[in-house]
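Take a look at the structure below.
Numbering (our numbering), first residue to last: 68 to 440.
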């Protein structure tokens, strides 16, 4: 006799119970969260832009000759009488180009440092870790030793520095990518090797320089923003703008690479392409900046850490905020450098080192900071 199962009985052949459908409000919550993040991005960027503009106006007032806020505002709005007004000359011919150079150089170093720290997953990485700066310094030293610093309309020193940085880029990349890939540990080791070789050659060249040329080399190595020309400002500004666009295109990939290369690759990230793009953009931008400003340390290391503490580790926000923060830091540091012992000047690299050193000591002492948190 065949026994038919009752409706209350369950057999193994019965289909599994259907999963509970996801309520529509879940998707609404996701959209709301994305809108909240977008609003946060705009708010943070708006605040940083206002701080940058405020820092620029404040820095215009200080120097060997102190200007009042009224004089500064009159010069900025072209409401002061005559173009030969003292405030006009001081602001537009002397201070504004220098402050703009500080903004561009600081932004370049900071955004490059943030990108490299994610790329190599090393909190101590900065724009100089690739050995580009040593190559640029060697090029500048050789140019001065040969007496060619004033050629090409006075652009000889930046030109030789950029050539030296470019050759070091080729050398580092050739060593690191010898097997067709670009492993990060090999990139760091190649940077260390090139850095050591260029430093040794630079010490040899400086040992045979005359005192005047040696003084120029030492001053350049300590970092300076003195008397930037309009073509140099335009060149650095264009390089920075292109780098920001390329870095922001890779910001989501950098978020995943910061977690781990294997995890990023499993999520569809072309890690080799991202690594090559970030490396080449960082190297070219660093070479361009070092060729005109010399060695200015700690900006590319301090600012990304500070921004991570304040805004988190999302590179979609971290990169642009780091750029503005680096510009603010270097503008303020340069203002301090040309004001403290006016009319003499302190190399701006000394000021950034005095700021960056205590900051990292504080981080190490408190131990409240996690790099990829």
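Glycine included, C-beta positions come from ideal geometry on N, C-alpha and C.
- In the three-state DSSP reduction, residue 109 falls in the helix class (H, G or I).
- Taking C-beta atoms as the reference points, residue 358 and residue 228 count as a pair closer than 8 Å.
- Distance check between residue 166 and each of 117, 110, 396 and 260 places 396 closest, using alpha-carbon atoms only.
- Each of 264, 285, 421 and 299 was checked against the Cα of residue 364, and the nearest Cα belongs to 421.
- Runs of the alpha helix (DSSP H) lying entirely within the segment 328–406, each at least 4 residues long, are 328–333, 338–360, 366–378 and 382–404 in chain order.
- Within a 10 Å sphere around the beta-carbon of residue 193 sit 16 or more other beta-carbons, which makes this residue buried.
- Of the candidates 284, 291, 360 and 345, 284 places its Cα closest to the Cα of residue 213.
- In the three-state DSSP reduction, residue 317 falls in the coil class, being neither helix nor strand.
- One Cα belongs to residue 234, the other to residue 242, and the distance between them is close to 12 Å.
- The continuous stretches of alpha helix (DSSP H) do not include residue 215, and DSSP gives it neither H nor E.
- DSSP places residue 243 within a helical segment (H, G or I) once states are collapsed to three.
- In this chain, the alpha helix (DSSP H) harbouring residue 138 covers 136–143.
- Per DSSP, reduced to three states, the secondary structure at residue 428 is helical.
- Rounded to whole angstroms, the gap between the alpha carbons of residue 257 and residue 143 is 47 Å.
- Judged by DSSP secondary structure, residue 165 falls within the alpha helix (DSSP H) whose first and last residues are 163–187.
- Residue range 278–288 is occupied by the alpha helix (DSSP H) that includes residue 287.
- In this structure the segment 125–132 does not touch the segment 170–183; the number of beta carbon pairs closer than 8 Å is below three.
- Listed in chain order, the non-local C-beta contacts of residue 138 below 6 Å within the same chain comprise 154, local neighbours out to five positions each way being set aside.
- Contact check between the segment 338–346 and the segment 307–324: three or more CB pairs, one atom from each, fall below 8 Å, which counts as touching.
- By the CB criterion at 8 Å, residue 401 and residue 292 fall inside the cutoff.
- Our two residues, residue 302 and residue 244, have alpha carbons roughly 29 Å apart in a direct line.
- Here residue 236 carries a helix assignment [DSSP, helix/strand/coil].
- Cβ atoms of residue 169 and residue 392 stay farther apart than 8 Å, at about 13 Å.
- Cβ neighbours of residue 164 within its own chain (closer than 7 Å, five residues either side excluded): 295 and 300.
- Between residue 432 and residue 195, the alpha-carbon positions lie close to 25 Å from each other.
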